[in-house]
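K.L.:
Residue numbers (the numbering used here): 2 to 137.
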């Protein structure tokens, strides 16, 4: 586990998470702001494999799976990556549409704020928020 909040667990991905990656990357509303089209199952497998392999080099940063504690379901994905400036990190997430408007985005953000202070000694965090999604 990377961190947990009141309702969520953020953990490293494993190979069994391919369904989550494929679902999100093939929902037009979930990828609307990404800058790419949907992804094949094989492409999703490659992306997932790369994320898992990166844990050995960057154990505290990368892409992570977000699960609900109560519903015992995979909610989405979240990431924290170091930017060009030392100590500056970007955070973000994509959630399955069924989990929108539950306040999970805010919960993940606050979780990453605590994580960045306690685990990676970040100087600053960056998160882009689109006006259409700001209710999440």
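Every residue, glycine too, gets a C-beta built ideally from N, C-alpha and C.
Using the Cα positions of residue 112 and residue 118, report the straight-line distance between them to the nearest angstrom.
P.N.:
Within the chain shown, numbered from 1, the residue matching residue 112 stands at position 111. Within the chain shown, numbered from 1, the residue matching residue 118 stands at position 117. Approximately 10 Å between the Cα atoms of the pair.
K.L.:
What is the DSSP secondary structure of residue 31, counted as helix, strand or coil?
P.N.:
On the chain shown, residue 31 is found 30 positions in, with the first residue counted as 1. Residue state, collapsed to three classes: coil.
K.L.:
When the distance is taken between beta carbons, is residue 124 closer than 7 Å to residue 88?
P.N.:
As a first step, residue 88 is located in the chain shown; it is residue number 87 there, counting from the start. As a first step, residue 124 is located in the chain shown; it is residue number 123 there, counting from the start. Cβ distance < 7 Å, so residue 88 and residue 124 count as in contact.
K.L.:
Reducing DSSP to helix, strand and coil, say where residue 3 ends up.
P.N.:
For the purposes of this step, residue 3 is identified with residue 2 of the chain shown, where counting begins at 1. Of the three classes helix, strand and coil, the one that applies to residue 3 here is coil, per DSSP.
K.L.:
Can you tell me the Cα-Cα spacing of residue 84 and residue 2, whole angstroms?
P.N.:
Position 83 of the chain shown, counting from 1, holds the residue named residue 84. Position 1 of the chain shown, counting from 1, holds the residue named residue 2. Answer to the nearest angstrom: the Cα atoms are 23 Å apart.
K.L.:
Use the C-beta contact count for residue 96: other C-beta atoms within 10 angstroms, 16 or more gives buried, fewer gives exposed.
P.N.:
Counting from 1 along the chain shown, the entry for residue 96 is found at position 95. Buried, since its Cβ has 16 or more Cβ neighbours within 10 Å.
K.L.:
So residue 64 packs on residue 78, CB below 8 Å; how close in whole Å?
P.N.:
As a working mapping, residue 64 is identified with position 63 in the chain shown. As a working mapping, residue 78 is identified with position 77 in the chain shown. About 6 Å; that satisfies the 8 Å criterion.
K.L.:
Spatial neighbours of residue 116 within its chain, please: C-beta separation below 6 Å, excluding the five flanking residues on both sides.
P.N.:
On the chain shown, position 115 is the one that residue 116 refers to. Answer for residue 116: 4, listed in chain order.
K.L.:
Let me confirm a value: residue 105 is counted as buried when at least 16 other C-beta atoms fall within 10 Å, else exposed. Which label applies?
P.N.:
The residue given as residue 105 occupies position 104 in the chain shown. Answer is buried; the Cβ neighbour count reaches 16.
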